[in-house]
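Residue numbers (the working numbering): 25 to 645.
Beta carbons: idealized from backbone N, C-alpha and C, even for Gly.
Only a predicted model underlies this, so the values are computations on that prediction, with no experimental measurement involved.
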């Protein structure tokens with residue numbers, strides 16, 4: 025059971041401390057079943073008599089004490105003198121099964137104690153049947169009260185087992201004790217027992233009432249310093265609000281410190297040592313790292329992460345290209361309509377001219393000389409420009425051609441005029457690329473990301489050709505393309521032709537702060553999240569993860585995000601202006617009026633033919 029419990033706590037390295045006089049009784053359990061890195065230390069009554077290597081190891085390792093109750097208390101008292109009872113230490117006590125008594129000396133040291141018991145002490149003391157006997161038993165013994173209650177429980181269950189032995193055999197029923205059903209295997213050992221794991225933290229209370237030392241990094245909008253009117257410096261931001269909410273719901277206090285090297289955390293030159301916030305957590309200096317830390321496989325090997333509090337991917341941030349105001353085009357008046365519309369307009373004019381000429385020839389009421397090709401062109405142009413041509417139509421077919429041409433030109437000119445204002449008064453902004461593949465193939469813009477960050481690692485270890493190409497471009501660039509923080513990356517984007525590869529959540533914030541920045545394309549690489557980093561085996565992981573899931577389900581996380589991802593007044597002014605590129609009208613928008621004109625011309629031909637046939641028949645009669 026002990027080895028399974030240590031695996032559940034994820035103790036990858038710990039020491040086993042045993043008494044010289046009594047030896048290591050459970051060595052075979054630890055050696056045969058444990059996969060962790062083990063250290064064995066043999067101690068006497070006073071740990072202060074031992075060599076410095078043990079003391080140094082005890083500062084860094086988690087400790088399992090296989091000592092009886094007297095030796096355990098003496099050992100802990102000696103550790104207290106040597107400064108080995110603090111927030112960096114975690115002791116698994118095998119010799120005692122209660123930490124509610126005799127622990128007053130360690131009340132304010134933030135140390136972590138764990139032990140295992142077969143009974144619920146609080147429930148037992150509330151039981152009116154046993155309470156009088158417990159109080160009488162405790163009053164008769166003045167010293168060595170650490171395991172006093174457990175001694176009472178085991179004596180009671182032993183007597184109960186003997187007393188019920190005959191009844192148990194006769195009735196084939198399992199006797200019940202304070203510790204549960206009293207079952208034993210063939211070797212006489214207790215079986216089917218329910219163990220309770222007790223974990224105690226600061227002030228001898230439950231772990232959810234201790235002080236957390238938190239390391240973070242200055243990064244807007246997550247954490248930033250704020251100077252109050254009285255000169256006091258406090259922290260504010262999304263992560264600070266998250267900590268405040270967690271501390272309120274989980275009943276803990278916290279103390280924030282900024283990481284000294286300003287890094288998130290990466291292996292130092294490929295060694296086992298880490299820098300940044302991850303390194304601080306590994307050293308045991310801090311209980312948690314609360315910041316925009318992305319979960320990666322390498323980081324997950326050395327620390328634990330909670331469930332993500334924000335979801336994200338990788339996107340591209342760049343400055344919007346400068347307006348091409350200096351560019352001059354003598355053909356800009358063609359922009360409101362697409363080239364296909366202009367072509368079809370010309371073709372429609374030619375066809376209408378020929379129809380007008382044919383109608384004038386067919387119709388007996390029209391003079392073919394009046395509506396020849398030059399005059400027909402002039403007539404249609406005059407209709408188009410709303411001017412008088414000097415020619416009047418006499419036949420119904422010619423008037424039908426004029427009516428449909430006039431309606432066609434009226435609608436098309438209205439479309440042209442409406443789109444003219446939209447196209448020529450709005451800046452025609454376009455991006456030089458819209459995907460990661462296009463980014464890797466262009467040479468005009470440099471691109472980079474945070475040195476040692478999760479985004480850099482994504483491209484470094486990717487096996488896809490476009491991403492490998494991006495990494496090789498960044499790695500072999502003669503100019504410095506890597507930055508130390510998001511702020512530095514954004515400033516680099518604002519100053520020149522530089523594309524910053526960053527997490528999409530942080531990119532969204534930067535877009536609310538700068539009017540001239542934009543996100544390139546709609547593709548977001550990967551699916552990751554920002555999480556809280558904790559030491560391996562930390563009991564805070566499950567508690568905090570449950571709260572984060574609860575915040576996400578209830579929309580609390582979204583409310584906190586909206587508070588800090590708020591648009592500045594300058595951005596709101598920008599959004600009042602048109603930012604879309606207005607496209608020229610294509611045939612898909614105006615094809616109906618061309619169909620309308622075609623129908624009119626066809627109808628005019630039919631009317632002209634019918635008119636000629638009618639007059640011819642009339643002459644014959």
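Which value, in whole angstroms, describes the spacing of the CA atoms of residue i and residue j?
i: residue 438; j: residue 444; result: 10 Å
i: residue 232; j: residue 560; result: Note that residue 232 scores a pLDDT of 44, beneath 50, so its modelled location is shaky; the value from the coordinates is reported in the next line. Answer to the nearest angstrom: the Cα atoms are 17 Å apart.
i: residue 299; j: residue 280; result: 18 Å
i: residue 228; j: residue 136; result: Confidence in residue 228 is poor, its pLDDT being 46 and thus under 50, which makes the residue's placement unreliable; the coordinate value appears in the next sentence. About 9 Å.
i: residue 176; j: residue 182; result: 10 Å
i: residue 100; j: residue 179; result: 27 Å
i: residue 537; j: residue 545; result: 19 Å
i: residue 575; j: residue 284; result: 31 Å
i: residue 470; j: residue 514; result: 13 Å
i: residue 618; j: residue 430; result: 12 Å
i: residue 26; j: residue 240; result: 35 Å
i: residue 550; j: residue 31; result: 31 Å
i: residue 67; j: residue 323; result: 36 Å
i: residue 571; j: residue 318; result: 19 Å
i: residue 33; j: residue 275; result: 22 Å
i: residue 502; j: residue 254; result: 48 Å
i: residue 591; j: residue 247; result: 18 Å
i: residue 649; j: residue 332; result: Any answer about residue 649 is impossible in this case: the structure gives the chain only from 25 up to 645.
i: residue 603; j: residue 539; result: Caution applies to residue 603, whose pLDDT of 46 falls short of 50 and renders its modelled position unreliable; the value that the coordinates give is listed next. In a straight line, the C-alpha of residue 603 is about 11 Å away from that of residue 539.
i: residue 341; j: residue 510; result: 11 Å
i: residue 5; j: residue 585; result: Nothing can be reported for residue 5, as the shown portion of the chain is limited to 25 through 645.
i: residue 363; j: residue 357; result: 12 Å
i: residue 117; j: residue 219; result: 14 Å
i: residue 344; j: residue 310; result: 42 Å
i: residue 421; j: residue 627; result: 8 Å
i: residue 512; j: residue 486; result: 25 Å
i: residue 522; j: residue 552; result: 25 Å
i: residue 273; j: residue 243; result: 25 Å
i: residue 140; j: residue 108; result: 22 Å
Three-state secondary structure (DSSP) at residue i?
i: residue 452; result: Low local confidence applies: a pLDDT of 49 at residue 452 is under 50, so the model's placement there is unreliable, with the coordinate-based value given in what follows. Residue 452 falls in the coil class under three-state DSSP.
i: residue 555; result: strand
i: residue 297; result: coil
i: residue 437; result: helix
i: residue 476; result: coil
i: residue 616; result: helix
i: residue 633; result: helix
i: residue 86; result: strand
i: residue 586; result: helix
i: residue 563; result: coil
i: residue 143; result: coil
i: residue 135; result: coil
i: residue 510; result: helix
i: residue 503; result: coil
i: residue 32; result: helix
i: residue 546; result: strand
i: residue 43; result: strand
i: residue 522; result: strand
i: residue 117; result: strand
i: residue 187; result: helix
i: residue 541; result: strand
i: residue 468; result: coil
i: residue 65; result: strand
I'd like to know whether the C-beta of residue i is nearer than 8 Å to at least one C-beta of chain B.
i: residue 364; result: Among the chains of the structure shown, chain B does not appear; only one protein chain is present.
What whole-angstrom Cβ distance do residue i and residue j have, given they're in contact under 8 Å?
i: residue 252; j: residue 278; result: That pair is no contact at about 19 Å.
i: residue 370; j: residue 625; result: Going by Cβ atoms, the distance from residue 370 to residue 625 rounds to 15 Å, so no, they are not a contact pair.
i: residue 249; j: residue 262; result: Contact doesn't hold; Cβ gap of about 15 Å is too wide.
i: residue 138; j: residue 221; result: 7 Å
i: residue 387; j: residue 632; result: 5 Å
i: residue 529; j: residue 334; result: 5 Å
i: residue 336; j: residue 527; result: 5 Å
i: residue 206; j: residue 185; result: 5 Å
i: residue 38; j: residue 88; result: 6 Å
i: residue 245; j: residue 533; result: 5 Å
Would you say the beta carbon of residue i is closer than 7 Å to some non-hydrogen atom of the ligand GDP?
i: residue 532; result: Absence of the ligand GDP from the depicted structure is noted, as is the absence of any ligand whatsoever, leaving it without description.
| Secondary structure, beta strand (DSSP E): runs of 3+ residues fully inside the stretch 305-367 | 312-318, 327-329 and 334-343
| query | At a cut of 8 Å, does the stretch 318-329 reach the stretch 298-306 through at least three beta carbon pairs? | reply | yes
| Does the stretch 281-299 touch the stretch 465-485, meaning 3 or more C-beta pairs lie closer than 8 Å? | yes
| field | beta strand (DSSP E) runs wholly inside the stretch 228-299, at least 3 long, in chain order | value | 235-240, 248-251, 257-260 and 277-282
| message | Check whether the stretch 495-515 and the stretch 560-574 touch, using three or more Cβ-Cβ pairs below 8 Å as the test. | response | no
| message | Does the structure place the stretch 542-556 close enough to the stretch 455-474 that three or more beta carbon pairs sit under 8 Å? | response | yes
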